[in-house]
Each structure stands twice: as structure tokens, then as C-alpha cells.
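Asks:
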Amino acid sequence: MPTKHRPRRGSLAFSPKKRAKSEIPRYGAWPPSKKVKLLGFAGYKAGMTHVIIKDDREYSPTKDEEIFVPATVIEAPNMKIAGIRAYKDTTYGLKPIGEFWTVNLDKELKRRVHVAKNQEKSDEESFRRLEGIKESISKVRAIAYTRPKLVSGVPKKIPEIMEIEIGGEEIGDILEYSKSLLGREIKVSEVLEEGEFIDVSAITNGKGFQGPVKRWGIMTQNEKQGRGGKRRHIGNLGPWFPSRTRWTVPQAGQLGYQQRTEFNKEIISIGEDGGEIIPDGGFVHYGVVKNPYLLVKGSVPGPKKRLIRMREAMRMQSAQKISDIHAPEVVSGVHKVEYISVKSQQGR
């Protein structure tokens, strides 16, 4: 008689729950793109508000009606491109095979990056070297950095450095485009569009050392099991054989301050003037928005002032495929925003 099996209790999707090494999220994959362009951007979480938009979903019960939608405000000042890095696809994954940097680095960036004098060669010379080996290049990524000194709500002034992949099919076209990016500012409107779906990544709120009930969601014990006042602990650490504690046993430890990615978040609007959406008195624990911003539908991970990375949606299918799988309401265009709440959040 075959042995019966059951699905395991509890998800292992977020294990191990340990602190992130850096506040800068990392992407291991990027969506394919036929268009030659940057595939991501970064900003800072300012807070949340709500908007009234016209529901344009085809099969929605509130079609053509005004609906209330919570939204997150992400301040996205212009980013700058410091360098370009080329990768080769090998048996052991992507390996860097060449890069070229702009000669004139910003003063703030030099506090994070040290470029030796013998490496400060002209852009043209480094670019020709990469062109000579373009048959070996599989991916090209831009070395971009943020400019927190432009953001009033973020106390840090040292830029965060990250890699952003450049989409495209022909390596020659990608290299030419990357050459035009070197050393110049990039606006969020050049990378992302209103109505587009994106993946949002950030380091979540840190909650410190927590017990197994809050950390893993196990049940508290009843009065009989919890004798001695211990009702928020596990029943045992495991069997006698094997005589060891397995990694699957829910135990106390670090909770929060881990990288999390939310897929398919819709961009409601992209604005140039942050004064349009600032509530009276500014965002609590953040202040005012002075730079270009995004309104993203729903919530995003992380506390206020935290760096938020965005990329084009990895799991988004084409409009034709979505309409074939009984989820046509996912497809959406640019929403008409009727109202953005600027009511004070100070509690007055």
C-alpha cells in the first residue's frame, strides 16, 4: 500500500531569516527586453497616501466608476551612471570580462569608490577594448548610483552604488547605448512609464530578536501543555534519533531586515513636481518631496527613508496571454487620477 504524504506545514520561501548584508537590494535576474534601455531604477520611500481613480478594468464590477486606491509615494531623484560592466556567460554563471568608468567622478562618489590613477584611462580607449571582445559579451550592466544629497527626507549623503542591466538583443547596439549613458543623469521617466507593472524590492523593517510564535506563527500551548509559565515555546527540539536539532525546527532569532520583492506593482503616475502630492505638514518621519516621484499602487516593503529598487516586471505576461487565462482585469493602461489626498498626516 503506498505511503500517504501531505504538504509540509509552513513555507520555506523566506528561510533562512537572517539580517541582510546591505540596505541595497540585489537582483539576480532581469526581464528580457527587445528595446535597448535601462531595466531598473531606484528611489526612496516617502510614505503613503490615497488617490481616487477611474476604474477602467474591462470585467471589474466597478467599471467606469471612481474607486479609492491606496498608493505609496517613492521619491526618485535623477541617478547618474559611473561606469559600464560587461559579463560573459560561463558554466559557473556570469563572469565580468571588462568595464569602463567615467574619468570625472563626483566628489560624493569618491568616498565610496577608489579608482587608481593607472586605471583612469579615457572612455574611448576602454570602450574600444570592449568592442574588440563583443562576441564574448552576454550581458551589459550600468554601474549607477543614487544622489541622496538631493533628498531632504534622507539623512545620509553618501551615494548607493548598484548595477542595472541594459536590455536589448544586439550587443553592438547595447554598447553604443551604454556609451551614451556614461557620466550623465538619468530621469525615472526615461526608464519607467505610467501604467507599467514593476517589481519592487527593499530591505524590510527590522524587528530584532523575536520568539517562535511571532517569528514562525506557531500555536501557543494550552494550560496543560504550558506548565511552568512557558506557553510561547515549541513542544520539543526534535526526536532522539537522529540526535540533533534539525534546521526545520521553528526557533527564536532575527526577524525582519531582510530583502523582500513584491511582484507586479502598478505605477499609477509619475510626476516631476513633488509639491503636488505633499500632505499638509509633509510626510511624517520624512518631510517634503522635492524631486520626481512615482505613485505605486498599494504598499511596498521597508520603512520610510529606505532605498527602494524597481525593475520591469519579471512575471508579467503579454496582454493577449492574460486575456486567455480568465484574468483580463490585470491588464491596465494609464489611469486617470481624479484626486490625490494632501490632507495632513500629523494627527491634527
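Each residue of the sequence shown is one higher than the one before, starting from 48 at the first, in this note's numbering.
Where is the CB? At the ideal position from N, CA and C, for every residue including glycine.
Sorted by chain position, which residues of the same chain lie with C-beta nearer than 7 Å to VAL260's C-beta, five sequence neighbours on each side aside?
Replies: By 1-based counting over the sequence shown, the position of residue 260 is 213. The residues are THR267, ARG279.
Asks: I'd like the span of the alpha helix (DSSP H) that includes GLY219, first residue to last.
Replies: Residue 219 sits at position 172 when you count from the first residue of the sequence shown. 218-228 is the span of the alpha helix (DSSP H), which, as asked, contains GLY219.
Asks: Pick out whichever of ARG73, PHE115, VAL389, GLN305 has its Cα sitting closest to the Cα of ILE208.
Replies: Start at 1 with the first residue of the sequence shown, and residue 208 comes out as number 161. Answer by Cα proximity: ARG73.
Asks: With ARG443 as the anchor, note down where its alpha helix (DSSP H) starts and where it stops.
Replies: Examination of residue 443 is not possible in this model, given that the chain is present from 48 through 395 alone.
Asks: Rounded to the nearest angstrom, what separates SER384 and GLY345 at their Cα positions?
Replies: As a position in the sequence shown, residue 384 is number 337, starting the count at 1. As a position in the sequence shown, residue 345 is number 298, starting the count at 1. Looking at the sequence provided, one finds Val at residue 384 rather than Ser. Roughly 15 Å between the two C-alpha positions.
Asks: Using only the alpha-carbon positions, how far apart do PRO375 and LYS196 sit?
Replies: Position 328 of the sequence shown holds residue 375. Position 149 of the sequence shown holds residue 196. Note that PRO375 scores a pLDDT of 40, beneath 50, so its modelled location is shaky and nothing firm can be said.
Asks: Starting from the C-beta of SER248, find all residues in its chain whose C-beta is less than 6 Å away, skip the five residues before and the five after it, and write them out in chain order.
Replies: Here residue 248 refers to the residue found at position 201 of the sequence shown. Only PRO72, THR308, ARG356 meet the Cβ criterion.
Asks: Indicate the three-state DSSP secondary structure (helix, strand or coil) for ARG293 in the structure shown.
Replies: Here residue 293 refers to the residue found at position 246 of the sequence shown. Here ARG293 sits in coil by DSSP.
Asks: To the nearest angstrom, how far is the alpha carbon of ARG293 from that of GLY318?
Replies: Here residue 293 refers to the residue found at position 246 when the sequence shown is read from its first residue. Here residue 318 refers to the residue found at position 271 when the sequence shown is read from its first residue. Looking at the two C-alpha atoms, the distance is approximately 51 Å.
Asks: Do three or more CB pairs link the stretch 74-81 to the stretch 100-112 at distances below 8 Å?
Replies: They do not touch, by the three-pair rule.
Asks: Which residue's Cα is closest to the Cα of LEU156: SER391, TYR224, ILE128?
Replies: Taking the sequence shown and counting its residues from 1, one reaches residue 156 at position 109. Taking only the C-alpha atoms, the option nearest LEU156 is ILE128.
Asks: Can you list, in chain order, the residues of its chain whose CB lies under 7 Å from that of GLN301, leaving out five sequence neighbours each side?
Replies: Looking up residue 301 in the sequence shown gives position 254. Counting only Cβ-Cβ distances below 7 Å, and skipping sequence neighbours, we find LYS64, LYS65, ARG66, PHE256.
Asks: Short of 7 Å in beta carbon distance, which residues of its chain neighbour ILE372, apart from the five on each side in sequence? Order them along the chain.
Replies: Counted from its first residue, the sequence shown places residue 372 at position 325. Residue placement at ILE372 is poorly supported in this model, since its pLDDT is 41, which falls under 50; the coordinates still yield a value, given next. Within the same chain, ILE372 has no close Cβ partners at all.
Asks: Please state if the CB of VAL335 and the CB of GLY321 are separated by a distance shorter than 8 Å.
Replies: For the purposes of this step, residue 321 is taken as residue 274 along the sequence shown, with counting starting at 1. For the purposes of this step, residue 335 is taken as residue 288 along the sequence shown, with counting starting at 1. Taking 8 Å as the Cβ cut-off, GLY321 and VAL335 qualify as a contacting pair.
Asks: Excluding the 5 residues flanking ILE325 on each side, which residues of the same chain have their C-beta closer than 6 Å to its C-beta?
Replies: Translated into positions along the sequence shown, residue 325 becomes position 278. So the list reads VAL335, VAL336, once near-sequence residues are dropped.
Asks: Do you know how far the Cα of GLU178 is from the Cα of GLY219?
Replies: Locating residue 219 in the sequence shown gives position 172, counting from the first residue. Locating residue 178 in the sequence shown gives position 131, counting from the first residue. So the two alpha carbons sit approximately 8 Å from each other.
Asks: Leaving out five residues before and five after LYS245 in sequence, what residues of the same chain have Cβ atoms less than 7 Å from its Cβ?
Replies: Here residue 245 corresponds to residue number 198 of the sequence shown, with the count starting at 1. Per the sequence shown, residue 245 should be read as Ile rather than Lys. Once the five neighbours on either side are set aside, the close Cβ partners of ILE245 are LEU239, LYS312, ILE314, MET357, ARG358, GLU359, ALA360.
Asks: Quick one: what does DSSP say PHE244 is sitting in, helix, strand or coil?
Replies: Here residue 244 is taken as the residue at index 197 of the sequence shown, counted from 1. Looking at PHE244 - three-state DSSP - the assignment turns out to be strand.
Asks: Tell me which same chain residues have a C-beta within less than 8 Å of the C-beta of GLY394, skipping the five on either side of it?
Replies: The count along the sequence shown starts at 1 and reaches residue 394 at position 347. Answer for GLY394: no residue qualifies.
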